[in-house]
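In what follows, a structure is listed as structure tokens, so that the remarks can point back to it.
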Amino acid sequence: MRKFSESEKLAAVRCYVDGKESSIKIANSLGMDKADLLLLIKRYEYHRVSAFIKN
Numbered sequence: 362m363r364k365f366s367e368s369e370k371l372a373a374v375r376c377y378v379d380g381k382e383s384s385i386k387i388a389n390s391l392g393m394d395k396a397d398l399l400l401l402i403k404r405y406e407y408h409r410v411s412a413f414i415k416n
């Protein structure tokens, strides 16, 4: 699996949270495992945008 930038992760999560696409469609379009996307969504739900900002 390739590495995704913070902006790619955030865009994918927001697409899901906003109800634009299903988790399966988003994961497939990015070449990401659905479980990895769901983990990102959980991190976003807890930390919001700061979940994807590197310190």
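Residue numbers (this note's numbering): 362 to 416.
A virtual CB, placed ideally from N, CA and C, is assigned to each residue, including glycine.
Nothing here was measured: the structure is a model prediction, and the numbers come from that model.
Spatial neighbours of A388 within its chain, please: CB distance less than 7 Å, with the 5 preceding and 5 following residues excluded, ordered by chain position. Here residue 388 refers to the residue found at position 27 when the sequence shown is read from its first residue. Only D394, K395, L398 meet the Cβ criterion.
Taking the alpha-carbon positions, what's the K403 to A372 distance? In the sequence shown, residue 403 corresponds to position 42, counting from 1. In the sequence shown, residue 372 corresponds to position 11, counting from 1. About 14 Å.
Tell me which residues share the same chain as E369 and place their Cβ nearer than 8 Å to its Cβ, disregarding the 5 neighbours each side in the sequence. Taking the sequence shown and counting its residues from 1, one reaches residue 369 at position 8. So the qualifying residues of the chain are L391.
Here's the rule: buried if 16 or more other CB atoms are within 10 angstroms of the residue's CB, otherwise exposed. What is V374? The sequence position of residue 374 within the sequence shown is 13, counting from 1. Classification of V374: buried, given that the 10 Å Cβ count is 16 or more.
Identity of the residue in R363, S366, D379 nearest E406 by Cα: For the purposes of this step, residue 406 is taken as residue 45 along the sequence shown, with counting starting at 1. The candidate whose alpha carbon is nearest that of E406 is D379.
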